[in-house]
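Trainee: Chains as they are written, first to last, in this note's numbering: chain A, 5 to 118; chain B, 1295 to 1406. All residues carry an ideal CB built from backbone N, CA and C; glycine is no exception. Remember, predicted model here, so these are calculated numbers, not experimental data. Got a structure for you, written out below as structure tokens; questions coming shortly.
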Amino acid sequence: DSGVTQTPKHLITATGQRVTLRCSPRSGDLSVYWYQQSLDQGLQFLIQYYNGEERAKGNILERFSAQQFPDLHSELNLSSLELGDSALYFCASSSVGGASGELFFGEGSRLTVL
Amino acid sequence: GESVGLHLPTLSVQEGDNSIINCAYSNSASDYFIWYKQESGKGPQFIIDIRSNMDKRQGQRVTVLLNKTVKHLSLQIAATQPGDSAVYFCAENMVAGNMLTFGGGTRLMVKP
């Protein structure tokens, strides 16, 4: 158990809809990262937050947004969903003083868009 | 359990044999190189990392080798066990952002 909690584990929705994925980082971790894992793209970095502030942005679509709240949990919002958004979405966290590259991943939220 | 079903290269080894998983990286400026293991239905799990100024690092049953001349990274697993069956990803990291860029992954299958 990594200590990172993601909900929901599974989500099925229709094209055009909007969903919110939730992540609780490990206790004490200030950084939260979101990754997308799809069949043909592997693990793609979406966005990073550190203590409530956006720190880095990767290949995140404009239809997607995220935020980190004062209690350090994070939400990833996916809107105007398309079939191609079907994927596993992972949240990871790290501590400020953690070994570089050591992220702790949750078990993911599997999104299916029909 | 869940499976991503990635179309990945597969390495099949006999239980007890040594495994070598290879990775080519792209960014010469990366400070750290990391190996992650992803079991079916789970998120990636950190195995071992190596700093760019090193060429070898050993852990418990695992060794990572870094060849910066040809931008090549490898993970060696000694005495491979059924529990080692998973997808293995290499990743690069620049310390400034702690933002990992993952490689495509290799599926390791261990035959009993």
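If you count every other CB in all the chains shown that lies within 10 Å of the CB of residue 1298 of chain B, and 16 or more means buried, which is it?
Mentor: With a pLDDT of only 42 at residue 1298 of chain B, under 50, the local geometry of the prediction cannot be trusted, and the value read off the model is given with reservation. The residue is buried, with at least 16 neighbouring Cβ atoms inside 10 Å.
Trainee: Could you tell me the alpha carbon to alpha carbon distance between residue 22 of chain A and residue 1405 of chain B, rounded to whole angstroms?
Mentor: 43 Å
Trainee: Within 10 angstroms of its Cβ, does residue 1378 of chain B collect 16 or more other Cβ (buried), or is it exposed?
Mentor: buried
Trainee: Output, in chain order, the set of chain B residues within a Cβ distance shorter than 8 Å of residue 106 of chain A.
Mentor: 1328, 1340 and 1343
Trainee: Please determine, among A:33, A:17, A:118 and A:38, the residue with the shortest C-alpha to C-alpha distance to residue 69 of chain A.
Mentor: A:38
Trainee: DSSP three-state call for residue 87 of chain A: helix, strand or coil?
Mentor: helix
Trainee: So does the region 1341-1359 of chain B actually touch the region 9-27 of chain A, counting three or more Cβ pairs closer than 8 Å?
Mentor: no
Trainee: Could you spell out where the beta strand (DSSP E) holding residue 1393 of chain B opens and where it closes?
Mentor: 1393-1396
Trainee: With H, G and I counted as helix, E and B as strand and the rest as coil, what does DSSP make of residue 1377 of chain B?
Mentor: Residue 1377 of chain B falls in the helix class under three-state DSSP.
Trainee: Quick one: list the residues of chain A neighbouring residue 1395 of chain B, beta-carbon separation under 8 Å, in chain order.
Mentor: 49
Trainee: Give the interface partners of residue 111 of chain A over in chain B, defined as CB-CB distance under 9 Å, in chain order.
Mentor: 1296, 1335, 1336 and 1337
Trainee: Work out the CA separation of residue 87 of chain A and residue 17 of chain A for me, nearest whole Å.
Mentor: Between the C-alpha atoms of residue 17 of chain A and residue 87 of chain A there is a straight-line separation of about 10 Å.
Trainee: Between the region 79-96 of chain A and chain B, which residues of the former have a C-beta closer than 7 Å to a C-beta of the latter?
Mentor: 92 and 94
Trainee: Can you check the region 31-67 of chain A for any beta strand (DSSP E) of at least 3 residues that lies completely inside it and give the ranges in chain order?
Mentor: Listed in chain order, they are 35-42, 46-54 and 57-61.
Trainee: Under 8 Å between beta-carbons, which chain A residues line up against residue 1353 of chain B? List them in chain order, please.
Mentor: Those do not exist, as residue 1353 of chain B stays about 12 Å from chain A at its closest Cβ, beyond 8 Å.
Trainee: Closer than 8 Å is the cut-off here; do at least three beta carbon pairs connect the region 66-85 of chain A with the region 1304-1318 of chain B?
Mentor: no
Trainee: Quick check on the burial criterion: 16 or more other C-beta atoms within 10 angstroms. Buried or exposed for residue 43 of chain A?
Mentor: exposed
Trainee: Here's a check: name, in chain order, each residue in its chain whose Cβ is nearer than 6 Å to the Cβ of residue 25 of chain A, leaving out the five neighbours to either side.
Mentor: 80, 93 and 113
Trainee: How many whole angstroms separate the CB atoms of residue 108 of chain A and residue 1395 of chain B, which I take to be in contact at a CB cut-off of 8 Å?
Mentor: Rounded, the Cβ-Cβ distance is 18 Å, inconsistent with contact.
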